[in-house]
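Peer 1:
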Amino acid sequence: RAHLGFRHRRPFRSKRATPSAGEVTVNKHLTKKPIVVTSGASVVTLIGGGLAVGGQAVTAADYTATDQPTLADAITAANTNIGPDTITIAEGTITLTEALPVIEDELTIIGAGEGVTVLDGDGAYRIFRATDANALTISDMTLQNGFAGIDTASGGSGGAVLAERTSLTLENVTMSNNYARLDGGAVEVTNNSVPPQFTLDISDSTFDYNTAVNTPAVDVNGFISSVTISNSTFTDNTSSNGFFGTGALTV
């Protein structure tokens, strides 16, 4: 069933200003591994990340996470570092005991493989939320047991991933047993600004046993410019109100 939706979201927030020439700001929440960040002719070594330097946006920074505290620190550091960043999550299972920080800048999150790197919302927490981040890419991991209730930050949509005014790419990701009180048992992508912009791209991924009151697996809401799904499997995703049945995607 085709569905075009528009829901009120908070007004678009402009991105933070780029530091003035010569200014260096270091994030307060530091990871333990030294990271070298390069921007143009300037090189700054930071303990865990920050942003630099000389009036230029940092092009990239890499972070490594092994558990929830280091993952949370890496997201916070990546938010501070202006420009696209990468977080690599080691193999193993991370079960959330609280919500992770909201992703606020362009980010790629890479695991060691589906079923090898597992992020588990413990039936209590949404796993990733990106707001005004430009683009979020998630690859090579399993996201399971995510939860978006009515009292969850930004509402009850997107059980595993909520992308607000952010393009979302999923590659080699398994989404299993996630739940949303409203839409997108696994994934919600939403944009309330015109003209249409932002995209959803899913490839080589699996969605199974995700549930929502409305859209069971993936919900695309508002003004999204394109949706592309390839080589992906949707199995036993259900809508508890019966209106959307077992449909995989609502746009």
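Residues in the sequence shown are numbered consecutively from 1, following the working numbering. Even for Gly, the Cβ is constructed at its ideal location relative to N, Cα and C.
1) Who are T190's beta bridge partners in DSSP?
2) In terms of DSSP beta bridges, what is L143 paired with?
3) So, helix, strand or coil for L182, using DSSP?
4) Between P195, N237, I224 and A61, which lies nearest to T211 when the distance is taken from Cα to Cα?
5) How would you write the range of the beta strand (DSSP E) that A65 sits in, first residue to last?
6) Of the choices T215, F223 and N231, whose alpha-carbon is the least far from that of I202?
7) Just reading off the alpha helix (DSSP H) that D105 is part of, what are its end residues?
8) Rounded to the nearest angstrom, how far is the Cβ of T86 from that of T108, given a contact under 8 angstroms?
9) Using CA atoms only, rank isn't needed, just tell me which of N191, V102, N134 and A61 is closest to A160.
10) Please report the straight-line C-alpha distance between A74 and P216, rounded to a whole angstrom.
11) So which of F147, T169, G155 and L162 has the shortest CA-CA distance to I138?
12) Can you give the Cα-Cα distance for N241 and A60, rounded to whole angstroms?
13) In terms of alpha-carbon separation, which member of N79, A78 and T88 lies closest to D67?
14) For the candidate residues I127, T235 and D140, whose alpha-carbon lies nearest to that of E188?
15) Tell me, which residues are paired with S239 by DSSP?
16) For S176, which option in S167, D204, G222 and Q144 has the closest C-alpha, if you only look at C-alpha atoms?
17) For the alpha helix (DSSP H) holding L71, just list the boundary residues, first then last.
18) Below 6 angstroms CB to CB, which residues in the same chain sit around N252 once its five sequence neighbours on both sides are set aside?
Peer 2: Taking the structure as given:
1) Working through the sequence shown from its first residue, we reach residue 190 at position 190. Beta-bridge pairing links T190 to E164 and N221.
2) Reading the sequence shown from its first residue, position 143 is the one you call residue 143. L119 and M175, per the DSSP bridge assignment.
3) The residue given as residue 182 occupies position 182 in the sequence shown. In this structure, L182 counts as coil in the three-state DSSP scheme.
4) Locating residue 211 in the sequence shown gives position 211, where the first residue counts as 1. Here the closest residue by C-alpha is N237.
5) Taking the first residue of the sequence shown as 1, we reach residue 65 at position 65. Where A65 is concerned, the enclosing beta strand (DSSP E) stretches over D62 to A65.
6) The count along the sequence shown starts at 1 and reaches residue 202 at position 202. The candidate whose alpha carbon is nearest that of I202 is N231.
7) On the sequence shown, residue 105 is found 105 positions in, with the first residue counted as 1. Looking at the DSSP string, D105 is not in any alpha helix (DSSP H), and its letter there is neither H nor E.
8) What you label residue 86 is simply residue 86 of the sequence shown in a count that begins at 1. What you label residue 108 is simply residue 108 of the sequence shown in a count that begins at 1. Confirmed, Cβ separation roughly 5 angstroms.
9) As a first step, residue 160 is located in the sequence shown; it is residue number 160 there, counting from the start. Comparing Cα positions, the closest option is V102.
10) Here the question's residue 74 lines up with position 74 in the sequence shown. Here the question's residue 216 lines up with position 216 in the sequence shown. Rounded to whole angstroms, A74 to P216 spans 30 angstroms at the Cα level.
11) For this step, residue 138 is matched to residue 138 along the sequence shown. Looking at the Cα atoms, T169 is the closest of the given residues.
12) Sequence index remark: in the sequence shown, residue 241 carries index 241 (1-based). Sequence index remark: in the sequence shown, residue 60 carries index 60 (1-based). For N241 and A60, the distance between alpha carbons rounds to 44 angstroms.
13) Mapped onto the sequence shown, residue 67 falls at position 67. Considering only alpha carbons, the answer is T88.
14) On the sequence shown, position 188 is the one that residue 188 refers to. For the residues I127, T235 and D140, the minimum Cα distance to E188 belongs to I127.
15) Position 239 of the sequence shown holds residue 239. Paired residues: A212.
16) Along the sequence shown, read from residue 1 onward, the residue named residue 176 stands at position 176. With distances taken between Cα atoms, S176 lies closest to Q144.
17) Taking the sequence shown and counting its residues from 1, the one referred to as residue 71 is at position 71. Here the alpha helix (DSSP H) through L71 covers Q68 to T80.
18) No answer is possible for residue 252: it lies beyond the span of the chain, which begins at 1 and ends at 251.
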